[in-house]
Amino acid sequence: MPQFDFLVIGSGIAGLSYAAKLARHFDALKEKISIAVITKVQADETNTKYAQGGIAAVWAEEDSFEKHIDDTMVAGGGISKRSIVEIVVKEAPERIMELISYGTRFDKEADGEYDLAKEGGHSDHRILHFKDATGAEIERALLDEVKSHSSIQIFTHYFAVDLITQHHLGETVYRHRDDIKCFGAYVLNTKTGKVEKFLAKTTMLATGGIGNIYQNTTNPRIATGDGIAMAYRAKGVCDNMEFIQFHPTALYQPGKKPNFLISEAVRGFGGVLRNKKGETFMEHYDPRLSLAPRDIVARSIDSEMKKYGDEHVYIDVTHCDYEKFIEHFPNITAYCHDHLGIDVRKDYIPVVPAQHYMCGGIKVNEFGQTNIFYLYAAGECACTGLHGANRLASNSLLEAVVFAHRAFLKTIEHLDDAYVPDNIPEWNDEGTTHPEEAILVTEMAKELESIMSNYVGIVRTNRRLQRAHDRLELIFKEHEDLYRQSKVSVPIMELRNMINVSYLVLKMAMARRENVGLHFNLDHVKK
């Protein structure tokens, strides 16, 4: 029965930043502590790893905090929480300097200054990046840092099943929602098939996104909304789940999942969107053309495809400086050539919108605290109020490091208050069996993806949402019957989590009565 001072669920930028800060802090005090980082597959397989574009911060003299704040508020449809936006923007340079101190490399100009890119929705050049693999570079540096601390243990191939609260002690937690406490998690050791107790005084959820509830997503296969679903089942508050960001430009490869991302930075570099006829079209939708915010570009592409019955549009970079393009985007250039035979010097790149980012999630305050005591959340699984109705490009990695830091500050402040009861029971799976109907899980997952993609996608209607509700209810009941009879397995738990988060997305989409940012319902268009 492992017991730790701190449990971190997830090994992306948020979780590793939080763990590293804790380790450094207590190392400096020469105090012995224990930190567990659990990850469902290998440690570097995270949403962070697949982030191409970069991390935003006011860096150049001609830029300003006010401009970054305003850009974020505009992209967020005006409903971002301004106090949070100000915190994140103003703390950005210091947090990025910490990433650099861990060994993160960002591209520089010949004169040694950082090469700052500009992306859609930004009024200035402020994106620090490493080629077209910024997330992977940050992940590498953070893993190196974390592995240098003996106080941190990384448990790979461990799948968090449920958070441990007073409910597991027999207390009527449902009647006392203002006093829920988290004491760690039940975790499936996927190599042994046994569910173990990971007890901890403080737990951080840093589990990433929900992409696999959709047919097309840039998220890795592991992104099944696990942290959000666990928090929801433990009576954690979730918010803004209707705001699903579809990246406008995923590479068009029918049947492939995840979709390979054609970074927003490609349009920032000069790439131009064209329809199947080769015509530009963004001038019909927004004066910012191909550099409009993602929600507008995604809906514009969706409209253009539906207008002509096309399956994709194109990005044209044939007019760009090829040597500079391949220097900035070596992975994109190579992938397009190796997988589709595309020569970007003369061929257009076929692209299609794909689910990319969850703007909502587990509701937290300015220090990453949830409504459950001793439970924090950071990164994509958290809803901080920064993104509002739509995330500004390259603000996500930034949000993760800022809130990992702020959660760290609050954690050490309240560490003396945290405790773990000594009567937490073992996981009880008495009467369950290994399911013989594995095909049921696969088929239910496919049906779920179809429902969410067709009815709760880029453009919605009341009728589509109601259809999704009715069909999702049937899947939920079918899965619950299977879950009650079955021993815990990763496929069953991932499907359970995806059903939970799909319900939250749908419920909040049905409740929102106006169009803002990423939520667009044709029935709410003003006549």
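Just so we're aligned, residue 146 is where the sequence shown starts under our numbering, counting upward by one.
Note that beta-carbon positions come from the ideal geometry of N, C-alpha and C, so glycine has one too.
Check, Outcome
"Roughly how far, in whole angstroms, is the beta-carbon of N510 from the beta-carbon of D440, given that I think they are within contact range, below 8 Å?", "Their Cβ separation, rounded to whole angstroms, is 26 Å, which puts N510 and D440 out of contact at 8 Å."
"Taking the continuous alpha helix (DSSP H) assigned at H614, which residues delimit it?", "N607 to Q630"
"According to the Cβ coordinates, are V458 and I477 closer than 9 Å?", "no"
"Are Q390 and C528 close, meaning C-beta to C-beta below 9 Å?", "no"
"What did DSSP end up calling A159 once you bin it into helix, strand or coil?", "helix"
"Taking only runs that begin and end inside the region 367-430, name each unbroken beta strand (DSSP E) of 3 or more residues, in chain order.", "389-396 and 417-419"
"Taking the beta carbon of Y564 as the centre, do at least 16 other beta carbons fall within 10 Å, making it buried, or is it exposed?", "exposed"
"Please say whether F474 and A545 have beta carbons closer to each other than 9 Å?", "no"
"Less than 8 Å between the CB atoms is what I'm expecting for C526 and A351, so what's the real figure, rounded?", "7 Å"
"Apply the 10 Å Cβ neighbour rule to Y319 and answer buried if 16 or more other Cβ atoms are within range, or exposed otherwise.", "For Y319, the pLDDT reaches just 49, beneath the cut-off of 50, and the residue's location in the model is therefore unreliable, although a value from the coordinates is still provided. Y319 is exposed by the Cβ-count criterion."
"Rounded to whole angstroms, what is the Cα-Cα separation between E575 and Y303?", "21 Å"
"Tell me the rounded alpha-carbon separation between T301 and A188.", "6 Å"
"Measure the alpha-carbon distance for V353 versus G199 and round it to whole angstroms.", "According to the sequence provided, residue 353 is Gly. The question's Val does not apply to it. Their Cα atoms are separated by approximately 17 Å."
"So, C383 versus I517, is the Cβ gap smaller than 9 Å?", "no"
"Using DSSP with H/G/I as helix, E/B as strand and the rest coil, what is Y319?", "Residue placement at Y319 is poorly supported in this model, since its pLDDT is 49, which falls under 50; the coordinates are not used for a value here."
"Would you kindly report the start and end of the unbroken beta strand (DSSP E) that includes D461?", "V458 to D461"
"Under a three-way DSSP split, which group does A181 fall into?", "strand"
"Could you check how far apart the C-beta atoms of L624 and M655 are, in whole angstroms? I think they sit under 8 Å.", "Reading off the sequence shown, one finds His at residue 624, where the question assumed Leu. With a Cβ gap of about 21 Å, H624 and M655 do not count as contacting."
"Using only alpha-carbon positions, find the residue among L436, Y259 and G415 that is nearest to E206.", "Y259"
"Can you list, in chain order, the residues of its chain whose CB lies under 6 Å from that of G506, leaving out five sequence neighbours each side?", "I373, C526, A527 and C528"
"By the 10 Å Cβ neighbour count, where 16 or more other Cβ atoms means buried, how is T425 classified, buried or exposed?", "exposed"
"Can you grab the Cα-Cα spacing for the pair P365 / Y195, in whole Å?", "8 Å"
"How would you write the range of the alpha helix (DSSP H) that L593 sits in, first residue to last?", "A583 to Y600"
"Would you mind stating whether Y397 and V462 have Cβ atoms separated by less than 9 Å?", "no"
"Return yes when the C-beta of E284 is under 8 Å from any heavy atom of the ligand ADP, and no when it is not.", "As far as ligands go, the structure on display features none, and thus does not contain the ligand ADP."
"Under the rule that 16 or more other beta-carbon atoms within 10 Å means buried, what is H484, buried or exposed?", "exposed"
"Is the region 640-655 touching the region 587-604, taking contact as three or more C-beta pairs under 8 Å?", "yes"
"Should the region 155-172 be regarded as contacting the region 329-346, the criterion being three or more beta carbon pairs within less than 8 Å?", "no"
"Using a Cβ-Cβ cut-off of 7 Å (strictly less than) and excluding sequence neighbours within five positions of I487, which residues of its own chain qualify?", "C481 and I494"
"May I ask you to report which of helix, strand or coil DSSP gives I200?", "strand"
"Tell me whether V182 is buried or exposed, calling it buried when 16 or more other Cβ atoms sit within 10 Å of its Cβ.", "buried"
"Quick one: which unbroken alpha helix (DSSP H) runs of 4-plus residues sit fully inside the region 510-590? Chain order, please.", "541-558"
"Just to confirm the assignment, what range does the alpha helix (DSSP H) spanning H473 have?", "Y467 to H473"
"If we count the other Cβ atoms within 10 Å of its Cβ and call it buried at 16 or more, is D277 buried or exposed?", "buried"
"Give every residue of the same chain whose Cβ lies closer than 7 Å to the Cβ of V230, excluding the five residues on either side of it in the sequence, and list them in chain order.", "I214, T217, M218 and L531"
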